[in-house]
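Every letter in the sequence shown is one number past the one before it in my numbering, and letter 61, counting from 1, is 61. Scroll down for the structure; my scribbles are underneath it.
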Amino acid sequence: MIVTVTLNPAIDISYRVNNFKINKGHRVENGNKTAGGKGLNVSRVLKQLGEHPHCLGFLGGSNGKWIKRQLEIEGLEGSFTQIKEETRTCLAFIDEENSTQTELMEKCPTVSEEEKEEFLETYQQQFKKATLIIASGSLPSWLDSSFYKDMSKLAKEQNIPFILDTSGEPLKLGIEGNPFLIKPNQEELTQFAGKELKTMEDMVEVAIRICNQGVQNVLLSLGEGGAILVRKDVILKANIPSIPVVNPVGSGDSMIAGMAYSINNNLVLEECLRMACACGMANAMEEKTGFVQSQMIKQLLKEINITSI
Ligand code: ADP
C-alpha cells in the first residue's frame, strides 16, 4: 500500500472572471471547488493507475469535513488527523482575457502539540502495511522545518522507501533524513544550490552531491525539457517529445505518482523514469489537475527516449 501525506491541504476554489479589476464587483459562475494539496493530487493519479493509496494529513472544521467527503466520492481512502482549527481555503481568480491569475491563500491552521503527536502515531501505524511513503508540499508554518526529516528517518528505520517532494528549508533538512527519492524541479534545485545552475552539467553536479549526502535517487524534473534521474551508480536522461500543453499545474505530482507506481510494481529503473515522465506529460495535456488518461500514457511511453549520461 502506498501512503501519501498532505500536511497542508486546502479547499481550492477557482473562478473565471474576465477583466478582473480591483475595487469592482464581479458576477461569476459557480466556482470550481476541489480538495487541494499536492499529496492529494499524487493520490488521485495513483488511483487512476490502479493503486489504492492511503491519504494522511490534518483536517479540521467544516472545510475538513468537506474535503473528507470529497475524497470519499473520488474513492480515496485516508486516516486524517482531526484538528480543532479550520482547514484553509484558497481562492483563484482566473482572467483568461488578460492572462492573469490572482490568488488569495488563507493562512494554515495551527495544530496543537497533541494533534501533532496524534498524527505521528497514525503515521507510524501505517508502517505495518506501507510499501512506500510519499510526502508532498510545503510544511505548514507551525510545524518545525525538520518535520519531513523526522518522518523520513522513521520510515528508513522500517526500510520503507520515503519519497519527498518539497522545497526550501524543509527540503534542505529533509535530505538529512536520507529519503529514498527527492524530486526537485530546476527552480527548487537552484534554490537548494544557492547559485545559478546554467547547464545540465551544473544541475547533475548538485544532484550527485545530494546523492553523496545519502539520498538514493534525485529525480530532477525539467518541465518541457524532460527529466534526469541521478543515482550514485547511474545517471539517466529522459528525452521527451513536444506535446500540446493545456495545464501543466500538478505535472510534478503526477510524475511522482508515476514513479511511485513503477517502484511499487518493481519496474526497472529506465521504465520508472519513462513512466514518471509519461504521467507528468499526460497531466499537462489535460485541463484538470491530477488527471491522466491511460491511453495517452501508453502512447507517450512509446515516444520517450531514455539515455544514459
Ligand atoms: P513541477 O510541476 O514539480 O514544477 P515539472 O514542471 O518539471 O514539475 O513537470 C514534471 C514533468 O511533467 C516533466 O518532467 C515532464 O515530464 C512533464 N511536463 C511538465 N510540463 C511539461 C511541458 N510543458 N511539456 C512537456 N512535458 C511537461
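Backbone N, C-alpha and C define an ideal beta-carbon position, used for all residues, glycine too.
With DSSP collapsed to three states, give me the class of I133. As a working mapping, residue 133 is identified with position 133 in the sequence shown. Residue state, collapsed to three classes: strand.
Between which two residues does the alpha helix (DSSP H) containing I73 stretch? In the sequence shown, residue 73 corresponds to position 73, counting from 1. That run of the alpha helix (DSSP H) goes 61 to 73.
Would you call the segment 134 to 152 and the segment 90 to 104 in contact, with 3 or more CB pairs under 8 Å? no
Does at least one heavy atom of the ligand SAM sit under 7 Å from the Cβ of E224? The model on display carries the ligand ADP but not the ligand SAM.
Any idea if I210 is buried or exposed, counting beta-carbon neighbours within 10 angstroms, 16 or more meaning buried? Numbered from 1 along the sequence shown, position 210 holds the residue referred to as residue 210. I210 should be labelled buried.
Is any heavy atom in the ligand ADP found nearer than 7 Å to the beta carbon of S138? Stepping through the sequence shown from its first residue, residue 138 is reached at position 138. In this structure, the C-beta of S138 stays at least 7 Å away from each heavy atom of the ligand ADP.
Relative to the alpha-carbon of I163, which residue among N178, L173, E157, K172 has its alpha-carbon at the smallest distance? For the purposes of this step, residue 163 is taken as the residue at position 163 of the sequence shown. With respect to the C-alpha of I163, the residue from N178, L173, E157, K172 having the closest C-alpha is N178.
Do N283 and S251 count as a contact pair if the criterion is CB distance below 8 Å? Working through the sequence shown from its first residue, we reach residue 251 at position 251. Working through the sequence shown from its first residue, we reach residue 283 at position 283. Yes, the Cβ-Cβ distance between S251 and N283 is below 8 Å.
Buried versus exposed call for H26 [16 or more other C-beta atoms within 10 Å across all chains shown]: Mapped onto the sequence shown, residue 26 falls at position 26. By the neighbour-count rule (16 or more Cβ atoms within 10 Å), H26 is not buried but exposed.
Indicate the three-state DSSP secondary structure (helix, strand or coil) for E86 in the structure shown. Working through the sequence shown from its first residue, we reach residue 86 at position 86. DSSP places E86 in coil when its eight states are reduced to three.
DSSP-derived helix/strand/coil call for R274: As a first step, residue 274 is located in the sequence shown; it is residue number 274 there, counting from the start. Looking at R274 - three-state DSSP - the assignment turns out to be helix.
Quick check: what's the CA-CA separation for M200 versus S112? For the purposes of this step, residue 200 is taken as residue 200 along the sequence shown, with counting starting at 1. For the purposes of this step, residue 112 is taken as residue 112 along the sequence shown, with counting starting at 1. Taking the straight line joining both Cα atoms gives about 44 Å.
Can you tell me whether DSSP reads Q101 as helix, strand or coil? On the sequence shown, position 101 is the one that residue 101 refers to. DSSP places Q101 in strand when its eight states are reduced to three.
Closer than 6 Å by C-beta to G64: which residues in its own chain qualify, once you throw out the five before and the five after it? Chain order, please. Counting from one through the sequence shown, the residue named residue 64 turns up at place 64. Closer than 6 Å at Cβ, skipping near neighbours: T87.
If you measure from the CB of C277, is any heavy atom of the ligand ADP nearer than 7 Å? In the sequence shown, the residue the question calls residue 277 occupies position 277. Yes - the ligand ADP has a heavy atom lying nearer than 7 Å to the Cβ of C277.
Own chain partners of L273 with C-beta closer than 7 Å, once the 5 adjacent residues on each side are dropped: The residue given as residue 273 occupies position 273 in the sequence shown. Cβ contact annotation for L273 (same chain, cutoff 7 Å, sequence separation greater than five): A227, L229, L236, A238, I306, in chain order.
Run the CB neighbour count on N23, radius 10 Å, all protein chains shown included, and call it buried at 16 or more, exposed below. Indexing the sequence shown from 1 puts residue 23 at position 23. Exposed, by the Cβ-count rule.
Between the CA atoms of V234 and V42 - distance to the nearest angstrom: For the purposes of this step, residue 42 is identified with residue 42 of the sequence shown, where counting begins at 1. For the purposes of this step, residue 234 is identified with residue 234 of the sequence shown, where counting begins at 1. Roughly 26 Å between the two C-alpha positions.
For M281, which residues of its own chain have a beta-carbon under 7 Å away from its beta-carbon, when the five flanking residues on both sides are left out? Numbered from 1 along the sequence shown, position 281 holds the residue referred to as residue 281. Excluding sequence positions up to five before and after M281, its CB lies within less than 7 Å of the CB of I240, I243, L300, all in the same chain and listed in chain order.
Would DSSP call L236 helix, strand or coil? Against the sequence shown, residue 236 aligns to sequence position 236. In this structure, L236 counts as strand in the three-state DSSP scheme.
Is the segment 188 to 202 in contact with the segment 148 to 160, if contact means three or more CB pairs nearer than 8 Å? Segments in contact, no.
Output the residue ranges of the alpha helix (DSSP H) runs that lie fully inside the segment 187 to 215 and measure 4 residues or longer, sorted by chain position. 200 to 212
Paired residues, beta bridge with E176 - DSSP: Position 176 of the sequence shown holds residue 176. DSSP output for E176 lists no bridge partner at all.
Within the chosen definition, does the segment 42 to 59 reach the segment 72 to 80 through at least 3 CB pairs nearer than 8 Å? yes
With respect to the alpha helix (DSSP H) encompassing S254, which residues constitute its N-terminal and C-terminal limits? As a first step, residue 254 must be located in the sequence shown, where it is residue number 254. Per DSSP, S254 belongs to the alpha helix (DSSP H) from 251 to 264.
What did DSSP end up calling V3 once you bin it into helix, strand or coil? Mapped onto the sequence shown, residue 3 falls at position 3. Strand, per DSSP.
Sorted by chain position, which residues of the same chain lie with C-beta nearer than 6 Å to F119's C-beta, five sequence neighbours on each side aside? Stepping through the sequence shown from its first residue, residue 119 is reached at position 119. Result list for F119: T81, in chain order.
In chain order, what residues of the same chain have a beta carbon less than 7 Å from the beta carbon of F127, not counting five sequence neighbours either side? Start at 1 with the first residue of the sequence shown, and residue 127 comes out as number 127. Q158, I160.
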